[in-house]
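A.B. asks: Heads up: the sequence shown begins at 2 in our numbering, then just goes up one per residue. Glycine is no exception: its CB is placed at the ideal position from the N, C-alpha and C atoms.
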Amino acid sequence: MPSIVATVAIPRCRFGISEETDRQITRSLNLFLLVFLLLSGCAVGPNYHRPAAPAAPAWKEQPPWRSASPMDNLPKGQWWTLFNDSELNQYESQAVQANQTIEVARNQLQQARASARITQSGLFPQATAGVTAQRARTSANRPLATNPNPITQSDLVIPFTLSWEADVFGGVRRSVESSRAQLQASAANLENVRLVVASEVAVDYFTLRELDAEIAVVDSAVTYQERALRLVQNRHAGGIASGLDVAQQETQLNATRTQATLLRRQRAQFEHAIAALVGVPASTFGVPVKPLAAEAPAIPTGVPSDLLERRPDIAQAERQMASENAQIGVAKSAFYPSIGITGGGGFESRDVGLILNAPSAFWAIGANVTEIVFSGGRRKAQLDFARSGYAGSVASYRQTVLTAFQEVEDSISGLSVLAQAAQTQQQAVDAAQRALTIANDRYVGGLVTYLDVVTAEQTLLDNQRLATQLLGQRLTTSVELVKALGGGWDAASLTAVQVKMTAGQALQP
């Protein structure tokens, strides 16, 4: 539907005027500016207050290793140093510098900073200047000519114009408020991307190291089973063992070799994943084999309310909520009239030599007030749209908080369970080792068939692999807990991400 706009314009004064008229215009303009300044202190729309989010006074799971130290003990930024692994530290530093996902988020932050400056420019007047030169000849046969002869003349103009839409009802200021919140949300997103990438590097690294340890266990089993096969073959050659015993041991040995091959394939995949994370082609990247010697560190968890300030994704959702709240004010400002102030001046002359003389000067100043009388419900729909966007961002913020609590509880309970499982699994490994020794002795003594030995070998291998996997899971779960706690980041750092209230300038985060 068409929009109907009503405009009231204050006539502009141009060229030479009397001193008395000039004083009257000056008094009127001063009065107008005074009224404008009184009105410009208000901005329509709701002021932002962070809504309440669900939080518990304490964590449900309380593992026995939990430190009573506050969350501030967690290293800021380089949280991976908790694991005391120099090789991991090297890969993390590479990822922070060269990871392309981080680079995308970094450029998105620069875009948000530029967008904030663009929005902020609406608070300031727009000035233009130019030069126009023209030489023209009029027609002798032009209509209504008082002089039947053609006229040839020059016209040189050096104009200056100034225009400003006064932000009386705060529409531009609310837009600036929204763009600032978006800038801070982009800064929080960059920190969240860094946290996610760093966590992926650590998880892949510890998984690879766990596979190194698991491959060592399987290779050790292959070596043992090769000796066992030679023993059975010798007994078979001496007529003591049957061909069935030899076949059973060969089957066990080849199955174990197959497990070692598949584990090496998995290791290669994690090595390639680390290469992509640190920004290096997989074909030129390698991680040397090294035993898994790290231990899961004690990680202080603090209290649940800390997450509201410690997790960058929560801060991002909260800043997005602030931006949506400001958009309600932008939509409300459309219901009020817009006030524009224009001014101009310059020099105009037919002779270049006279262009800067006082008689060649001209100026003009004026103002206009415009109000949309009818828009077919567009402004009301825009306000409803803004309110719904804010309500949706509130729900998204609260869901982000709930998800954060879930991730922390999952990691805490996981570490507690894995610590208990590691103890009992080590007991299972010791028992399986004793069972294999007994089975070998009973087989040599002719008390059992070789199937009992093969079964004991497989049981020991399975339990050794599971013990190794539990250690890897404890390390990766520790990484997930640090990630769930925000990696030592603090939302207070977002206060440094601000745009100066001067044209074209911004603070660096």
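Roughly how many angstroms lie between the CA atoms of Asn74 and Pro301, to the nearest whole one?
C.D. replies: In this predicted model, Asn74 has a pLDDT of only 47, less than 50, meaning its place in the structure is not dependable enough to derive any value.
A.B. asks: With distances taken from CA atoms, which of Ser394, Asp385 and Ile342 is nearest Arg320?
C.D. replies: Ranking the options by Cα distance to Arg320, first place goes to Ser394.
A.B. asks: Exposed or buried, Gly330, counting other C-beta atoms within 10 Å across all chains shown (16 or more means buried)?
C.D. replies: The residue in question, Gly330, is buried, as its Cβ has 16 or more Cβ neighbours within 10 Å.
A.B. asks: Note down, in chain order, each residue of its chain lying with its Cβ closer than 7 Å to the Cβ of Asn326, except the 5 sequence neighbours on either side.
C.D. replies: Taken in chain order, the residues that qualify are Pro47, Tyr49 and Tyr391.
A.B. asks: Between Ser187 and Ala113, is the Cβ-Cβ spacing less than 9 Å?
C.D. replies: Cβ atoms of Ser187 and Ala113: closer than 9 Å.
A.B. asks: With DSSP collapsed to three states, give me the class of Ala370.
C.D. replies: A small fix is needed here, since residue 370 is Val in this sequence, not Ala. Of the three classes helix, strand and coil, the one that applies to Val370 here is strand, per DSSP.
A.B. asks: Identify the residues that DSSP records as bridge partners of Leu157: which are they?
C.D. replies: Bridge partners of Leu157: Ala134 and Ser350.
A.B. asks: Please classify Gly240 as buried or exposed, where buried requires at least 16 neighbouring CB atoms within 10 angstroms.
C.D. replies: The residue in question, Gly240, is exposed, as its Cβ has fewer than 16 Cβ neighbours within 10 Å.
A.B. asks: So if DSSP puts Ala248 in a beta bridge, which residue, or which two residues, is it bridged to?
C.D. replies: Per DSSP, none; premise fails for Ala248.
A.B. asks: For Leu452 and Gly244, I'd like the C-alpha separation in whole angstroms.
C.D. replies: The alpha-carbon atoms of Leu452 and Gly244 are separated by roughly 12 Å.
A.B. asks: Per the DSSP calculation, Ile342 is bridged to which residue(s)?
C.D. replies: Trp165 and Ala368, per the DSSP bridge assignment.
A.B. asks: Going straight from the alpha carbon of Arg379 to that of Glu166, what length do you get?
C.D. replies: Cα-Cα distance, rounded: 22 Å.
A.B. asks: Would you grab the beta carbon distance between Thr257 and Leu462 for me? Rounded to a whole angstrom, and I think it's under 8 Å.
C.D. replies: Sure, about 7 Å apart at Cβ, within 8 Å.
A.B. asks: Looking at C-alpha atoms only, which residue of Leu163, Ala141, Ser87 and Ala261 is the closest neighbour of Ala130?
C.D. replies: The option with the nearest alpha carbon to Ala130 is Leu163.
A.B. asks: Going by alpha carbons, who is nearest to Glu251 out of Glu227, Ala274 and His237?
C.D. replies: Answer by Cα proximity: Glu227.
A.B. asks: Tyr337 lies in the alpha helix (DSSP H); which residues open and close that run?
C.D. replies: Careful: Tyr337 lies outside any alpha helix (DSSP H) and carries neither H nor E.
A.B. asks: Taking all protein chains shown into account, decide if Thr496 is buried (16 or more other Cβ within 10 angstroms of its Cβ) or exposed.
C.D. replies: Its Cβ having fewer than 16 others within 10 Å, Thr496 is exposed.
A.B. asks: Which whole-angstrom value is the C-beta distance of Glu408 and Ala485, which I expect to be below 8 Å?
C.D. replies: Rounded, the Cβ-Cβ distance is 4 Å, consistent with contact.
A.B. asks: Nearest CA to the CA of Thr460: which residue from Gly487, Asp431, Arg475 and Ala420?
C.D. replies: For Thr460, the nearest C-alpha among the options comes from Asp431.
A.B. asks: Could you work out which residue in Leu467, Gly446 and Asp385 is closest to Thr425 when comparing CA atoms only?
C.D. replies: That would be Leu467, whose Cα lies nearest to the Cα of Thr425.
A.B. asks: My output table needs one value for Ser70: the three-state DSSP class, helix, strand or coil.
C.D. replies: Note that Ser70 scores a pLDDT of 39, beneath 50, so its modelled location is shaky and nothing firm can be said.
A.B. asks: In angstroms, rounded to a whole number, what distance separates the CA positions of Val87 and Ala199?
C.D. replies: Correcting the residue type first, residue 87 is Ser in the shown sequence and not Val. About 15 Å.
A.B. asks: Just to confirm, is the Cβ distance from Arg143 to Asp156 under 9 Å?
C.D. replies: No, they are not a contact pair.
A.B. asks: Pull up the distance between the alpha-carbon of Gln474 and that of Leu419, whole angstroms please.
C.D. replies: If I take the Cα positions, the gap works out to 8 Å.
A.B. asks: Excluding sequence positions up to five away, which residues of its chain have a Cβ less than 8 Å from the Cβ of Asp246?
C.D. replies: Answer for Asp246: Val233, Arg236, His237, Thr450 and Tyr451, listed in chain order.
A.B. asks: In chain order, what residues of the same chain have a beta carbon less than 6 Å from the beta carbon of Glu178, not counting five sequence neighbours either side?
C.D. replies: Excluding residues within five positions, the ones whose Cβ falls inside 6 Å are Ala327.
A.B. asks: So, with DSSP's three-state summary, where would you put Phe84?
C.D. replies: In the structure shown, Phe84 sits in a helix (DSSP, three-state: H, G or I).
A.B. asks: If distances are taken between C-alpha atoms only, which option among Ser94, Leu184 and Gly345 comes closest to Ala365?
C.D. replies: Of the candidates Ser94, Leu184 and Gly345, the one whose C-alpha sits nearest the C-alpha of Ala365 is Gly345.
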